[in-house]
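Participant: I'd like to ask some things about the structure below.
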Amino acid sequence: MSIRPWRDVVRRKSKQIMVGSVPVGGDAPITVQTMTNTLTSDPGATIDQIRLAEEAGADIVRVSCPDEESTAAMSEICREAAVPIVADIHFHYKRALEAADAGAACLRINPGNIGSAARVREVVQAAKANGCSMRIGVNAGSLEKHLLEKYGEPCPEALVESALEHAKILEDNDFTNFKISVKASDLFLAVAAYQGLADVCDYPLHLGITEAGGLRGGTVKSSIGIGSLLWAGIGDTIRVSLSAHPVEEIKAGFEILKSLGLRHRGVRIVSCPSCARQAFPVIKTVEVLEERLAHIHTPMSLSIIGCVVNGPGEARETDIGLTGGGNGNHMVYLSGVTDHKITDDKLVDHIVELVEEKAAALAEDAAQAS
Ligand code: SF4
Numbered sequence: 047m048s049i050r051p052w053r054d055v056v057r058r059k060s061k062q063i064m065v066g067s068v069p070v071g072g073d074a075p076i077t078v079q080t081m082t083n084t085l086t087s088d089p090g091a092t093i094d095q096i097r098l099a100e101e102a103g104a105d106i107v108r109v110s111c112p113d114e115e116s117t118a119a120m121s122e123i124c125r126e127a128a129v130p131i132v133a134d135i136h137f138h139y140k141r142a143l144e145a146a147d148a149g150a151a152c153l154r155i156n157p158g159n160i161g162s163a164a165r166v167r168e169v170v171q172a173a174k175a176n177g178c179s180m181r182i183g184v185n186a187g188s189l190e191k192h193l194l195e196k197y198g199e200p201c202p203e204a205l206v207e208s209a210l211e212h213a214k215i216l217e218d219n220d221f222t223n224f225k226i227s228v229k230a231s232d233l234f235l236a237v238a239a240y241q242g243l244a245d246v247c248d249y250p251l252h253l254g255i256t257e258a259g260g261l262r263g264g265t266v267k268s269s270i271g272i273g274s275l276l277w278a279g280i281g282d283t284i285r286v287s288l289s290a291h292p293v294e295e296i297k298a299g300f301e302i303l304k305s306l307g308l309r310h311r312g313v314r315i316v317s318c319p320s321c322a323r324q325a326f327p328v329i330k331t332v333e334v335l336e337e338r339l340a341h342i343h344t345p346m347s348l349s350i351i352g353c354v355v356n357g358p359g360e361a362r363e364t365d366i367g368l369t370g371g372g373n374g375n376h377m378v379y380l381s382g383v384t385d386h387k388i389t390d391d392k393l394v395d396h397i398v399e400l401v402e403e404k405a406a407a408l409a410e411d412a413a414q415a416s
């Protein structure tokens with residue numbers, strides 16, 4: 047029996063664009079984005095939320111610009127943010143001009159929806175003058191009337207055609223500095239549309255399953271949709287759309303990338319579900335560790351396993367391992383090898399200490415290597 051290579055994701059070759067200082071597409075790491083849900087016209091609240099997203103690892107943050115008050119706040123927001131800011135524009139092309147002048151790194155705008163060719167030219171000029179990229183954001187819920195009439199309902203072909211029509215408008219204006227999304231809340235529709243689009247262009251793709259739902263349901267749905275596309279090598283930047291705090295979107299985005307081995311950030315915990323054999327409370331321990339290790343950005347793995355059934359095997363594959371043992375004595379593994387025992391009372395503090403030490407050592411190694 048021969049089994050084909052089963053761990054590799056071969057990424058689709060896409061053109062690279064810059065969103066501010068962050069490359070998207072080509073061989074750039076797949077980036078994780080979110081969107082603020084504060085009033086953009088309240089720069090203080092918006093900057094506070096951007097800060098939380100940055101701390102969670104956001105590479106790019108999008109903010110809505112529905113009115114002039116919002117674009118008026120954009121200068122301050124863009125100045126204060128450490129990550130590039132994408133201005134989300136619908137219909138009002140003037141907001142795009144204002145956002146570009148205010149320092150937005152990217153405009154999310156569909157050129158076919160802003161009226162005349164002259165307006166498109168103005169937006170393209172503003173983008174070029176300010177070094178902005180763009181995202182064409184096709185959404186099954188707001189497909190153009192002529193495509194709905196042609197296809198009868200939102201379908202993958204209609205989403206792809208819409209994306210290509212918008213792309214053509216920008217290309218005709220000598221502007222190719224853009225990425226594309228073709229989102230739908232139906233994950234079959236979204237996945238098929240992205241697959242179709244990936245086949246016919248080399249623009250970088252922004253993946254998302256729109257209006258995916260609440261924290262749990264939306265994360266599962268997005269993981270299936272975004273995850274299957276990434277697994278097939280499609281996708282250059284992702285946004286997990288949740289009815290939850292933006293920080294949760296970032297966390298979910300990184301978990302998807304970590305699961306596929308596409309990007310690593312922070313501690314990847316391997317833990318068992320626990321059962322009657324557990325020698326310490328696994329669920330509670332993992333819960334506390336997740337919280338206490340949230341500040342670690344260095345990629346590393348940690349196994350927390352309740353007993354010897356699976357503990358030694360998992361510990362062999364992780365940087366730090368803990369396996370529950372008899373009489374409150376648990377085995378700690380370092381780099382896959384048994385190292386020492388630890389008792390119940392010191393367990394969590396000890397693991398936190400080990401992870402922090404390992405993170406500091408890895409950071410030092412990285413600094414010396416660079
Ligand atoms: S590793 Fe041990 S404690 Fe954990 S679920 Fe398996 S048998 Fe139960």
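For the sequence shown, the numbering used here assigns the number 47 to the initial residue and increments by one for each residue that follows.
Quick reminder that beta carbons are idealized off the backbone N, C-alpha and C, glycines included.
Please give me, in chain order, every unbroken run of the alpha helix (DSSP H) with length at least 4 that falls completely inside the segment 87-130.
Facilitator: As far as the segment 87-130 is concerned, its whole alpha helix (DSSP H) runs of at least 4 residues are 89-101, 114-126.
Participant: Check whether the Cβ of S110 sits closer than 7 Å to any heavy atom of ligand 1, and report yes or no.
Facilitator: Numbered from its first residue, the sequence shown carries residue 110 at position 64. It does not: the Cβ of S110 is nowhere closer than 7 Å to a heavy atom of ligand 1.
Participant: Considering just the uninterrupted stretch of the alpha helix (DSSP H) at F224, what are its terminal residues?
Facilitator: For the purposes of this step, residue 224 is taken as residue 178 along the sequence shown, with counting starting at 1. Premise fails: F224 lies in the beta strand (DSSP E), 224-229, not in any alpha helix (DSSP H).
Participant: Kindly indicate which three-state DSSP category L189 falls into: helix, strand or coil?
Facilitator: Taking the sequence shown and counting its residues from 1, one reaches residue 189 at position 143. Coil at L189, not helix or strand.
Participant: So I296 is in the alpha helix (DSSP H); what residue range does that whole segment cover?
Facilitator: As a working mapping, residue 296 is identified with position 250 in the sequence shown. Run containing I296: 292-305, per the alpha helix (DSSP H) assignment.
Participant: Are the segment 275-285 and the segment 69-83 touching by the rule of at least three beta carbon pairs closer than 8 Å?
Facilitator: A contact exists between the segment 275-285 and the segment 69-83.
Participant: Going by the beta-carbon positions, is the gap between G372 and G352 smaller than 8 Å?
Facilitator: Position 326 of the sequence shown holds residue 372. Position 306 of the sequence shown holds residue 352. Not a contact, by the Cβ cut-off of 8 Å.
Participant: Starting from the C-beta of N176, find all residues in its chain whose C-beta is less than 6 Å away, skip the five residues before and the five after it, and write them out in chain order.
Facilitator: Residue 176 sits at position 130 when you count from the first residue of the sequence shown. A146, listed in sequence order.
Participant: Does DSSP put I315 in a helix, in a strand, or in coil?
Facilitator: By one-based count along the sequence shown, residue 315 stands at place 269. Reduced to three states, the DSSP call for I315 is strand.
Participant: Under the rule that 16 or more other beta-carbon atoms within 10 Å means buried, what is Q414, buried or exposed?
Facilitator: In the sequence shown, counting from the first residue as 1, residue 414 sits at position 368. The residue in question, Q414, is exposed, as its Cβ has fewer than 16 Cβ neighbours within 10 Å.
Participant: Locate the beta strand (DSSP E) running through S347, then write down its first and last residues.
Facilitator: Counting from 1 along the sequence shown, the entry for residue 347 is found at position 301. 346-351 is the span of the beta strand (DSSP E), which, as asked, contains S347.
Participant: Suppose the cutoff is 8 Å on Cβ atoms and the five residues either side in sequence are ignored; what does the same chain contact list for P89 look like?
Facilitator: On the sequence shown, position 43 is the one that residue 89 refers to. Excluding residues within five positions, the ones whose Cβ falls inside 8 Å are A119, E122, I123, E126.
Participant: Check whether the segment 160-168 touches the segment 200-213, counting contact only when three or more Cβ pairs, one atom from each stretch, lie closer than 8 Å.
Facilitator: In short, these stretches do not touch, since the Cβ pair count stays below three.
Participant: State the CB to CB distance for the pair V129 and D105, rounded to an integer number of angstroms; the pair is presumed to be in contact (CB under 8 Å).
Facilitator: Start at 1 with the first residue of the sequence shown, and residue 129 comes out as number 83. Start at 1 with the first residue of the sequence shown, and residue 105 comes out as number 59. Yes, they are in contact, since the Cβ atoms of V129 and D105 sit about 6 Å apart, within 8 Å.
Participant: N356: beta carbon under 7 Å from a heavy atom of ligand 1?
Facilitator: On the sequence shown, residue 356 is found 310 positions in, with the first residue counted as 1. N356 Cβ: within cutoff of ligand 1.
Participant: Do S87 and ligand 1 come close, with the Cβ less than 7 Å from some heavy atom?
Facilitator: On the sequence shown, residue 87 is found 41 positions in, with the first residue counted as 1. Every heavy atom of ligand 1 is 7 Å or more from the Cβ of S87, so no.
Participant: Check whether the Cβ of C152 lies closer than 7 Å to any heavy atom of ligand 1, and answer yes or no.
Facilitator: To locate residue 152, count along the sequence shown from 1; it is residue 106. Checking every heavy atom of ligand 1 against the Cβ of C152, none is found closer than 7 Å.
Participant: Whole angstroms are fine: how far does the CA of G263 sit from the CA of A150?
Facilitator: Within the sequence shown, numbered from 1, the residue matching residue 150 stands at position 104. Within the sequence shown, numbered from 1, the residue matching residue 263 stands at position 217. When rounded, the distance between both Cα atoms is 32 Å.
Participant: Rounded to whole angstroms, what is the Cα-Cα separation between V184 and R57?
Facilitator: Working through the sequence shown from its first residue, we reach residue 184 at position 138. Working through the sequence shown from its first residue, we reach residue 57 at position 11. Those two C-alpha atoms are separated by around 22 Å.
Participant: For the alpha helix (DSSP H) containing R57, list its first residue and its last residue.
Facilitator: Working through the sequence shown from its first residue, we reach residue 57 at position 11. First-last for R57: undefined, no H or E at that position.
Participant: Compute the minimum distance between the beta carbon of S320 and the heavy atoms of ligand 1, and state whether it is under 7 Å.
Facilitator: The residue given as residue 320 occupies position 274 in the sequence shown. For ligand 1, at least one heavy atom lies less than 7 Å from the Cβ of S320.
Participant: In whole angstroms, give me the CA-to-CA distance for G66 and A102.
Facilitator: As a position in the sequence shown, residue 66 is number 20, starting the count at 1. As a position in the sequence shown, residue 102 is number 56, starting the count at 1. Their backbone Cα atoms lie some 19 Å apart in a straight line.
Participant: Cβ atoms of A322 and A376: under 8 Å apart, would you say?
Facilitator: Locating residue 376 in the sequence shown gives position 330, where the first residue counts as 1. Locating residue 322 in the sequence shown gives position 276, where the first residue counts as 1. A small correction: the amino acid at residue 376 is His; Ala does not occupy that position in the sequence shown. Against a cut-off of 8 Å, the Cβ pair of A322 and H376 comes out as no contact.
Participant: Thinking C-alpha only, which one of T117, S305, R309 is nearest S269?
Facilitator: Working through the sequence shown from its first residue, we reach residue 269 at position 223. The residue with the shortest Cα to Cα distance from S269 is S305.
Participant: Take V237 as the anchor and find which of E203, F221, E363 has the nearest alpha-carbon.
Facilitator: As a first step, residue 237 is located in the sequence shown; it is residue number 191 there, counting from the start. Closest by alpha carbon: E203.
Participant: For V394 and K267, what's the separation of their Cα atoms in angstroms?
Facilitator: Residue numbering aside, residue 394 sits at position 348 when the sequence shown is read from its first letter. Residue numbering aside, residue 267 sits at position 221 when the sequence shown is read from its first letter. Distance between the alpha carbons of V394 and K267: 33 Å.
Participant: State the start and end residues of the unbroken alpha helix (DSSP H) segment that holds T265.
Facilitator: Looking up residue 265 in the sequence shown gives position 219. Its alpha helix (DSSP H) spans residues 261-277.
Participant: May I ask you to report which of helix, strand or coil DSSP gives I329?
Facilitator: Locating residue 329 in the sequence shown gives position 283, counting from the first residue. Three-state DSSP puts I329 in a helix.
Participant: Is the beta carbon of L251 less than 8 Å from the beta carbon of K229?
Facilitator: Here residue 251 refers to the residue found at position 205 when the sequence shown is read from its first residue. Here residue 229 refers to the residue found at position 183 when the sequence shown is read from its first residue. Result no, Cβ atoms of L251 and K229 do not sit closer than 8 Å.
Participant: Count the other C-beta atoms from every protein chain shown that fall within 10 angstroms of the C-beta of K297, then say buried if there are 16 or more, exposed otherwise.
Facilitator: For the purposes of this step, residue 297 is taken as residue 251 along the sequence shown, with counting starting at 1. By the 10 Å Cβ count, K297 comes out buried.
Participant: Grab me the residues of L408's own chain with a C-beta within less than 6 Å of its C-beta, minus the 5 sequence neighbours each way, in chain order.
Facilitator: Counted from its first residue, the sequence shown places residue 408 at position 362. T344.
Participant: Can you have a look at N159 and say buried or exposed, based on whether 16 or more other CB atoms are within 10 angstroms of its CB?
Facilitator: The residue you call residue 159 lines up with position 113 of the sequence shown. N159 should be labelled exposed.
Participant: Identify which residue in K392, R53, G72 has its Cα closest to the Cα of K61.
Facilitator: In the sequence shown, residue 61 corresponds to position 15, counting from 1. It is G72.
Participant: What does DSSP give as the partner residues of Q171 in its beta bridges?
Facilitator: Residue 171 sits at position 125 when you count from the first residue of the sequence shown. Its beta-bridge partners do not exist; DSSP assigns none.
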